[in-house]
Amino acid sequence: MAHGMAHRRVTMNDVAKLAGVSLKTVSNVVNGYEFVRESTRRKVLEAIDELGYSVNVTAKSLRQGRSDIIGLCIPDPQVPYFARLLSSIIEEAHLRGRQVMFSPSGVSRQHELDLLHGPLASLADGMIMSPLHLSVEDEPIIDVDYPLVIIGDQLPLTSFDRVTTENRVGIYNATTRLIEHGCRRIAIIGVHDGQTTGAAPLRLAGYRQALRDAGLPNDPALEIPAAMWHQPGGEEAVRRMLAAGLNPDGIVCMSDLLAAGVLQELRRQSIRVPQDVQVFGFDDSVDSQYLYPSLSSVNPNLREVARTAVELICDRIEGQSPTLAGVTVHGRVQFTAPSTIRERESSLTQAAD
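Numbering (UniProt numbering), first residue to last: 1 to 353.
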């Protein structure tokens, strides 16, 4: 027994300190949970042996009880997309008798890592996260010993269950719809130059594929960057586009907030929608139908994303194998929710009718 432990009962805190792990990790090893790396498990067991820690059976039975809390980390609940995702996950969790504890995660990469290993993770039975800053290079650091479900394409890991939307297919379908309406010079707004993971490059790829499939040229000048997918970003993108002498007859926006800014700036410039240029958004936010003109948009099916993420996390918490119809890689489910097109006034010309 380690020095200083002889005259008092050894606790889990002592084991955690010696093993260099969290209290929750020690609890998970003691309770036989599966989400612990073998190397970590060995460190904890060696610390238990060295300290002579003995498990109190009554306390253990209490620890095996669950909090019925799901941790949720999404970037910004003020963004309509994430606000809908948040409310949908809470509703789905309540249907399964569970509460949701939420923390915004969009500040920085370090903040996202801190959330994965912080108090929220200790209180919750499992975590759902939609990261913005983490990347595949962070996988060795994301060493959690609890169920974790990732939402989105920012972190394309196969070591965790993941639920995504049809980023590429959704923009492909929106671009194709504009082509079917007669558009031949279609711009895309919201490009993130140099980004290789996440929604932006996938949506750009869908746009390019639609042009190729229709036999239309891909003009890089029509791929308009917008670092922030919000309304001011859409307005500024249109100003830059027009200043460069670009006059598209169709515009695909990577978010509805961008599209709202695009519609606003086009109206200021006396460019008519949809007569002069047709516009599509992405998200099918509640406000899209109240814009002027009402906005055509890709509906990413966030209800299905939420339902699937909650079902996955609950199955993992209960130790059950997921029964979802998704692709399974190394025992982890990779599920993509199907999207739909919602056409409104911004893309419905008289000719299209």
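No residue lacks a Cβ here, since even glycine has one placed at the ideal position from N, Cα and C.
Problem set entry | Nearest to L302 (by Cα), restricted to the options P80, E343 and D76 | P80
For this session: Could you please give the first and the last residue of the uninterrupted alpha helix (DSSP H) stretch that includes C253?
Result: C253 -> not in any alpha helix (DSSP H); beta strand (DSSP E) instead, spanning G250 to C253.
For this session: Could you pull out every residue in the same chain whose Cβ sits closer than 7 Å to the Cβ of E304, ignoring the five residues on either side in sequence?
Result: A337
For this session: Tell me where the beta strand (DSSP E) around T164 begins and ends.
Result: T164 -> beta strand (DSSP E) spans D161 to T165.
For this session: Run the CB neighbour count on R84, radius 10 Å, all protein chains shown included, and call it buried at 16 or more, exposed below.
Result: buried
Exercise. Excluding the five sequence neighbours on either side, which residues of its own chain have a C-beta within less than 7 Å of the C-beta of V277, listed in chain order?
Worked result: P248, D249, G250, I251, L266 and I271
For this session: Put C183 into one of helix, strand or coil per three-state DSSP.
Result: coil
For this session: Keeping to the same chain, check which residues put their C-beta closer than 7 Å to that of S88; ignore five residues upstream and five downstream.
Result: L302, R303 and A306
Exercise. Any idea if E311 is buried or exposed, counting beta-carbon neighbours within 10 angstroms, 16 or more meaning buried?
Worked result: Burial call: buried.
Exercise. According to DSSP, which residues form a beta bridge with T340?
Worked result: N299
For this session: Give the secondary structure of T328 by DSSP, where H, G and I count as helix, E and B as strand, and everything else as coil.
Result: strand
Exercise. Between the C-alpha atoms of Y53 and N28, what's the straight-line distance to the nearest angstrom?
Worked result: Rounded to the nearest angstrom, the gap between the Cα atoms of Y53 and N28 is 15 Å.
Problem set entry | Unbroken alpha helix (DSSP H) run spanning I90, endpoints | P80 to L95
Exercise. How would you label Q154, buried or exposed, when you count the other beta carbons within 10 angstroms and need 16 or more for buried?
Worked result: buried
Problem set entry | For E318, the nearest candidate out of S297, R66 and K43 (CA to CA) | Closest option to E318, judged by alpha-carbon separation, among S297, R66 and K43: R66.
Exercise. Which word fits S12, buried or exposed, when buried means at least 16 other C-beta atoms lie within 10 angstroms of its C-beta?
Worked result: The residue asked about is misnamed: residue 12 is Met in this sequence, not Ser. Per the 10 Å Cβ criterion, buried.
Problem set entry | In DSSP terms, what L148 is bridged to | M127
Exercise. Of the residues A221, R184 and G182, which one's Cα is nearest the Cα of D193?
Worked result: A221
Problem set entry | Contact set for L103: own chain, Cβ-Cβ below 8 Å, skip 5 residues either direction | Correcting the residue identity first, residue 103 is Ser in this sequence and not Leu. Once the five neighbours on either side are set aside, the close Cβ partners of S103 are G71, L72, C73, L115 and L120.
Exercise. Which whole-angstrom value is the C-beta distance of Q231 and G261, which I expect to be below 8 Å?
Worked result: 4 Å
Exercise. Residue 371 bridges to which residues according to DSSP?
Worked result: Absent from the model: residue 371. The displayed extent of the chain is 1 to 353, so no value can be given.
For this session: Express the C-alpha separation of I69 and D315 in angstroms, rounding to a whole number.
Result: 14 Å
Exercise. What is the rounded straight-line gap between the Cα of L113 and the Cα of P140?
Worked result: 11 Å
Exercise. Buried or exposed: which applies to Y290, given that a residue is buried once 16 or more other Cβ atoms fall within 10 Å of its Cβ?
Worked result: exposed
Exercise. Do the segment 90-105 and the segment 40-49 meet, that is, are 3 or more Cβ pairs less than 8 Å apart?
Worked result: no
For this session: Report yes if the CB atom of D161 is closer than 7 Å to the CB atom of V149, and no otherwise.
Result: Yes, these two residues count as a Cβ contact at 7 Å.
For this session: Sort out for me which residues DSSP pairs Q334 with in a bridge.
Result: R162 and V327
Problem set entry | Cα-Cα separation between Y146 and G281, rounded to whole angstroms | Our two residues, Y146 and G281, have alpha carbons roughly 37 Å apart in a direct line.
For this session: Let me know if S346 comes out buried or exposed under the rule of 16 or more other beta-carbons within 10 Å of its beta-carbon.
Result: buried
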